[in-house]
Amino acid sequence: MIDGSAMNTAAKWEQAGKALGRSVIACKSTVDIQSLVTSKVQRQFESSSIVDWSQVSQATGLGMRECLELSQCDVGKASWHYDPDLFLQDMADRMTGFIERHYPAPTPMNYQAVSNYMWVITEDCIRIHGMLQGKFKWTEADYERAVVLRARGLTCKEVARHFPPTLTGQNVRSALEGYLSPKPALTPISADELSEINRLIDEYAGKYPSIKIVDKIRTQLNLGN
């Protein structure tokens with residue numbers, strides 16, 4: 001049996017392979033390498049609150065990307081929730097840069113590596129990465145929130161700042177037009193009707209509660225006013 005704790009350099013992996021008559025890859029697979037990497041990472045973080053992946057790589061004889069993919073240490077990882085007032089573009093650029101360098105299409109994504117590189121909870125990395133790619137599905141709550149913000153007098157561009165960073169003012173305008181427009185018998189709404197919806201939103205913003213704005217616009221359009 002190979003002692004994983006002793007396998008601290010690439011040369012030792014090669015030495016073990018020759019001694020056993022097996023490939024380096026086969027030797028690595030005989031050791032619980034994931035536990036080895038995880039323990040190295042955890043010790044580093046607990047001693048300095050920072051992980052030097054080059055040191056982990058040297059200590060295990062593995063490449064840095066392989067270490068990033070294998071480590072299961074989640075101690076002290078930060079949460080990352082989108083807040084338009086606190087969003088750091090530099091942090092987003094750091095994550096997307098790492099992904100572009102190591103997982104260009106069609107390379108399968110490894111979010112464990114992304115999480116370890118950013119030292120952020122895996123689920124949050126997945127969600128934020130999706131947002132940065134423009135993967136945003138409007139929910140009823142999102143529509144209602146956008147209507148409330150418009151009712152407070154915010155422009156569509158200002159409303160967009162309260163949603164994922166890839167959303168633009170035009171995205172908000174289009175979403176609200178679709179949400180507030182009547183949908184009788186699959187009849188497409190005309191450009192004039194869309195213009196009227198936007199005019200009514202501007203007219204009612206700040207005058208009525210958001211739910212009343214929705215009802216008033218729908219009623220007026222259905223009546224043809």
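For the sequence shown, position 118 matches number 118 in this note's numbering, and the numbering has no gaps at all. Don't be surprised by glycine CBs; every beta carbon is placed ideally from N, CA and C. Owing to the predicted nature of the structure, the values given are computational and were not obtained by experimental measurement.
Contact check, I197 vs I213, beta carbons under 8 Å = Here the question's residue 197 lines up with position 197 in the sequence shown. Here the question's residue 213 lines up with position 213 in the sequence shown. Cβ distance not < 8 Å, so I197 and I213 don't count as in contact.
task = Report yes if the CB atom of A79 is closer than 8 Å to the CB atom of I121, and no otherwise.
result = For the purposes of this step, residue 79 is taken as residue 79 along the sequence shown, with counting starting at 1. For the purposes of this step, residue 121 is taken as residue 121 along the sequence shown, with counting starting at 1. Sequence check: residue 79 is Ser here, not Ala. Contact flag set, yes.
request  = Look at the alpha carbon of C156 and the alpha carbon of V41, and state the distance between them as a whole number of angstroms.
outcome  = Here residue 156 refers to the residue found at position 156 when the sequence shown is read from its first residue. Here residue 41 refers to the residue found at position 41 when the sequence shown is read from its first residue. If you take the alpha carbons of C156 and V41, they lie about 45 Å apart.
task = Just mark A151 as buried or exposed, buried being the case when its beta carbon has 16 or more other beta carbons within 10 Å.
result = Within the sequence shown, residue 151 is the residue found at index 151, counting from 1. Its Cβ being crowded by 16 or more others within 10 Å, A151 is buried.
ask   = Span of the alpha helix (DSSP H) holding A160?
value = Your numbering for residue 160 matches position 160 in the sequence shown. Here the alpha helix (DSSP H) through A160 covers 156 to 160.
key: Segment contact flag, the stretch 68 to 78 with the stretch 37 to 52, C-beta cutoff 8 Å, min 3 pairs   = yes
request  = Using only alpha-carbon positions, find the residue among P104, L180, S190, R173 that is nearest to D215.
outcome  = Here the question's residue 215 lines up with position 215 in the sequence shown. Nearest of P104, L180, S190, R173 to D215, Cα basis: L180.
message = If I measure Cβ to Cβ from Y143 and keep anything under 8 Å in the same chain, skipping five residues before and after, which residues do I get?
response = By one-based count along the sequence shown, residue 143 stands at place 143. Once the five neighbours on either side are set aside, the close Cβ partners of Y143 are A175, L176, Y179.
Cβ contact check for the stretch 44 to 54 and the stretch 86 to 96: 3 or more pairs under 8 Å = no
query = Can you name the residues that DSSP bridges to A78?
reply = Position 78 of the sequence shown, counting from 1, holds the residue named residue 78. Looking at the DSSP assignment, A78 forms a beta bridge with V120.
request  = Note down the Cα distance separating S47 from P104, rounded to an integer number of angstroms.
outcome  = Residue 47 sits at position 47 when you count from the first residue of the sequence shown. Residue 104 sits at position 104 when you count from the first residue of the sequence shown. C-alpha separation (whole angstroms): 34 Å.
ask   = In terms of residues, what are the limits of the alpha helix (DSSP H) holding L200?
value = In the sequence shown, counting from the first residue as 1, residue 200 sits at position 200. Taken as a continuous stretch (DSSP letters only), the alpha helix (DSSP H) holding L200 covers 191 to 204.
request  = Drop a sphere of 10 angstroms on the beta-carbon of G63, count the other beta-carbons inside from all chains shown, and report buried for 16 or more, exposed for fewer.
outcome  = Position 63 of the sequence shown, counting from 1, holds the residue named residue 63. That one is exposed.
ask   = Going by beta carbon distance, what residues of the same chain come within less than 7 Å of Q34, once the five residues before and after it are set aside?
value = Against the sequence shown, residue 34 aligns to sequence position 34. Correct list, in chain order: L70, Q72.
key: Presumed contact (8 Å Cβ cut-off) between E117 and F87, rounded CB distance   = The residue labelled residue 117 in the question sits at position 117 within the sequence shown. The residue labelled residue 87 in the question sits at position 87 within the sequence shown. Per the sequence shown, the amino acid found at residue 117 is Tyr instead of Glu. Between F87 and Y117 the Cβ distance is about 19 Å, and since that is not below 8 Å, they are no contact.
task = Locate the alpha helix (DSSP H) running through S57, then write down its first and last residues.
result = Taking the sequence shown and counting its residues from 1, the one referred to as residue 57 is at position 57. 53 to 60 is the extent of the alpha helix (DSSP H) around S57.
inquiry  = I'd like the list of long-range same chain contacts for L186, defined as Cβ closer than 8 Å, with 5 residues on each side in sequence excluded.
reply    = Here residue 186 is taken as the residue at index 186 of the sequence shown, counted from 1. Here the model assigns L186 a pLDDT of 47, short of 50, so the residue's position is not dependable, and the following value carries that caveat. Taken in chain order, the list of residues that qualify is empty.
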